[in-house]
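Engineer: Residue numbers (mature numbering (1 follows the signal peptide of the UniProt record, and there is no 0)): -16 to -1, 1 to 378. Beta carbons are placed, not taken as given, at the ideal position from N, Cα and C, and that holds for glycine. For clarity, every value in this text was computed on a predicted model and none was experimentally measured.
1. Quick one: what's got a C-beta closer than 8 Å to residue 19's C-beta in the same chain, skipping five residues either side?
2. Between the alpha carbons of residue 112 and residue 299, how many angstroms are there, rounded?
3. What residue range does the alpha helix (DSSP H) around residue 39 cover?
4. On the CB-based measure, 16 or more other CB atoms within 10 Å of its CB, does residue 170 come out buried or exposed?
5. Counting C-beta neighbours from all protein chains within 10 Å, is the total for residue 326 16 or more, i.e. buried, or is it exposed?
6. Apart from the five residues on each side of it in sequence, which residues of its chain come closer than 6 Å, Cβ to Cβ, to residue 214?
7. Quick one: what does DSSP say residue 198 is sitting in, helix, strand or coil?
8. State the DSSP-derived secondary structure class of residue 269, mapped to helix, strand or coil.
9. Starting from residue 277, trace the beta strand (DSSP E) in both directions and tell me its first and last residue.
10. Taking Cβ to Cβ, would you say residue 237 is nearer than 8 Å to residue 357?
11. In whole angstroms, give me the CA-to-CA distance for residue 165 and residue 190.
12. How long is the line joining the alpha carbons of residue 268 and residue 132, rounded to whole angstroms?
13. Among 82, 50, 87, which has the Cα closest to the Cα of residue 71?
14. Would you call residue 110 buried or exposed, if buried means 16 or more other Cβ atoms sit within 10 Å of its Cβ?
15. For residue 58 and residue 294, what's the separation of their Cα atoms in angstroms?
16. From which residue to which residue does the beta strand (DSSP E) around residue 245 run?
17. Are there 16 or more other CB atoms within 10 angstroms of the CB of residue 376, so buried, or fewer, so exposed?
18. Would you call the CB atoms of residue 124 and residue 143 closer than 8 Å?
19. In the DSSP assignment, find the unbroken alpha helix (DSSP H) run with residue 73 in it and report its ends.
20. Tell me which residues share the same chain as residue 287 and place their Cβ nearer than 8 Å to its Cβ, disregarding the 5 neighbours each side in the sequence.
21. In this structure, what does DSSP give as the bridge partners for residue 136?
22. Starting from residue 314, trace the alpha helix (DSSP H) both ways and give me its first and last residue.
23. What's the C-alpha gap between residue 156 and residue 120?
24. Would residue 193 and residue 187 be called neighbours here (beta carbons separated by less than 8 Å)?
25. Determine, using beta carbons only, whether residue 60 and residue 312 come nearer to each other than 8 Å.
26. Output needed for residue 225: all residues of its chain with C-beta closer than 6 Å, excluding positions within five of it in sequence on either side, in chain order.
27. Whose C-beta lies closer than 8 Å to the C-beta of residue 256 among residues of the same chain, with five residues either side of it excluded?
28. Looking only at its chain, what residues have a beta carbon closer than 6 Å to the beta carbon of residue 86, apart from the 5 residues adjacent to it on each side?
29. Taking the alpha carbon of residue 26 as the reference point, which residue from 251, 118, 151, 76 has its own alpha carbon closest?
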């Protein structure tokens, strides 16, 4: 499985106006996932039939920004990110600890990087530069935003390299103007294989019900495995997780019992996730090969989550020297995910201006998990949701 996620944050200048040193891994995962679920709830309501995003990528870059924001700007960010109960040191150490853990993961490649592009004549506040480089693995480079074509090419080359050539030409010269003061880019790359891939020879054409009146033929994969599964009887949803070779990583699938319960499932993502009670069962999995691409404007969702000052009267004086009248103009994320028998390939860009193959174990009456109707998915590592989305139409 491959997954690439990239976040690009564009910040534009506008004229006018005694605790534990770090958050425990399980607490870090819970806080990150609560932000993911909050964001997911808003994106689900405003997005197209199919959607994918990386809340982890967005959370990381905004968490770094929150450490340089001041006053109400910082308070709003930390509350939305679910970081308001922690200290700045806990935030820094928590991300450094998780990043170090990702680098050391076996049978799994996870790479994350941040790059700060700062206008010539400006510089990061020394403390922010230390935070960016030491705790968030960030590089810093001065660029000439008065040469938009040259600067866009420089940023795109870095993005393409860091995403293993999965994302090209993310930013255009039109995205850079004379008021641009700095751009933050965050890339995330994930690559891993399922513990056991689906058997290619078992993939057959089958029905996928977009609605009660519309059905299409899809390539349906098949796998029989002993995996973790659970049911939310109140809402009518079943969940499974398919492990990768590194069992700390899983692909989670949520499926409503009936197509009529799709809205109820999506409106209760947080409740379903927090109440999950998974047990190991023998399951016959039928999962369609699917590819989803999204380009999402994150600002409307963040505003609904209480982040408003960042986009108007922001105080970012702890990030850039002489930061008066700097605010965030754009936060957009572009993402794709491609799931097949071997695994998954996914890419995302945000910019701110034991399993066994079918038939190998004889078993009477296995649980049948047939994904032939709208579903929700997520990629997790050590409990942290790295990527999530929904599929309504194939």
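Structural biologist: By the coordinates alone:
1. Position 35 of the chain shown holds residue 19. So the qualifying residues of the chain are 39, 43, 64, 65, 66.
2. Here residue 112 is taken as the residue at index 128 of the chain shown, counted from 1. Here residue 299 is taken as the residue at index 315 of the chain shown, counted from 1. The alpha-carbon atoms of residue 112 and residue 299 are separated by roughly 14 Å.
3. Residue 39 sits at position 55 when you count from the first residue of the chain shown. Unbroken alpha helix (DSSP H) run through residue 39: 39 to 50.
4. Translated into the one-based positions of the chain shown, residue 170 becomes position 186. So residue 170 ends up on the buried side.
5. In the chain shown, counting from the first residue as 1, residue 326 sits at position 342. Counting Cβ neighbours within 10 Å, residue 326 comes out exposed, since fewer than 16 surround it.
6. Counting from one through the chain shown, the residue named residue 214 turns up at place 230. The beta carbon of residue 214 lies closer than 6 Å to those of 223, 260, 261, 262 in the same chain, with the five residues before and after it left out.
7. Mapped onto the chain shown, residue 198 falls at position 214. Three-state result, residue 198: coil.
8. The residue labelled residue 269 in the question sits at position 285 within the chain shown. Of the three classes helix, strand and coil, the one that applies to residue 269 here is strand, per DSSP.
9. On the chain shown, residue 277 is found 293 positions in, with the first residue counted as 1. It spans 274 to 281 - the beta strand (DSSP E) in which residue 277 sits, taken as one unbroken run.
10. Your numbering for residue 237 matches position 253 in the chain shown. Your numbering for residue 357 matches position 373 in the chain shown. For residue 237 and residue 357, no; Cβs fall outside 8 Å.
11. Stepping through the chain shown from its first residue, residue 165 is reached at position 181. Stepping through the chain shown from its first residue, residue 190 is reached at position 206. Answer to the nearest angstrom: the Cα atoms are 52 Å apart.
12. By one-based count along the chain shown, residue 268 stands at place 284. By one-based count along the chain shown, residue 132 stands at place 148. Each residue's alpha carbon lies about 53 Å from the other.
13. Your numbering for residue 71 matches position 87 in the chain shown. Residue 50 is the option with its Cα nearest to residue 71.
14. Against the chain shown, residue 110 aligns to sequence position 126. Looking at its Cβ environment, which holds fewer than 16 other Cβ atoms inside 10 Å, residue 110 is exposed.
15. For the purposes of this step, residue 58 is identified with residue 74 of the chain shown, where counting begins at 1. For the purposes of this step, residue 294 is identified with residue 310 of the chain shown, where counting begins at 1. If I take the Cα positions, the gap works out to 9 Å.
16. Counting from 1 along the chain shown, the entry for residue 245 is found at position 261. DSSP places residue 245 in no beta strand (DSSP E); its state is neither H nor E.
17. In the chain shown, counting from the first residue as 1, residue 376 sits at position 392. Residue 376 comes out buried.
18. Against the chain shown, residue 124 aligns to sequence position 140. Against the chain shown, residue 143 aligns to sequence position 159. The answer is no: Cβ separation not under 8 Å.
19. As a first step, residue 73 is located in the chain shown; it is residue number 89 there, counting from the start. Note, residue 73: alpha helix (DSSP H), 72 to 87.
20. Translated into positions along the chain shown, residue 287 becomes position 303. So the list reads 295, once near-sequence residues are dropped.
21. If you number the chain shown from 1, residue 136 lands on position 152. Partner(s): none; residue 136 has no beta bridge.
22. Here residue 314 refers to the residue found at position 330 of the chain shown. Note, residue 314: premise wrong, no alpha helix (DSSP H); beta strand (DSSP E) at 310 to 323.
23. Counting from 1 along the chain shown, the entry for residue 156 is found at position 172. Counting from 1 along the chain shown, the entry for residue 120 is found at position 136. Whole-angstrom Cα-Cα distance: 26 Å.
24. Translated into positions along the chain shown, residue 193 becomes position 209. Translated into positions along the chain shown, residue 187 becomes position 203. It is not a contact, given that the beta carbons lie outside the stated cut-off.
25. Position 76 of the chain shown, counted from the first residue, corresponds to residue 60. Position 328 of the chain shown, counted from the first residue, corresponds to residue 312. Going by C-beta atoms, residue 60 is not nearer than 8 Å to residue 312.
26. As a first step, residue 225 is located in the chain shown; it is residue number 241 there, counting from the start. 212, 234, 236.
27. As a working mapping, residue 256 is identified with position 272 in the chain shown. Correct list, in chain order: 216, 219, 221, 223, 238, 249.
28. Locating residue 86 in the chain shown gives position 102, where the first residue counts as 1. Excluding residues within five positions, the ones whose Cβ falls inside 6 Å are 94.
29. The residue you call residue 26 lines up with position 42 of the chain shown. Per the Cα distances, 251.
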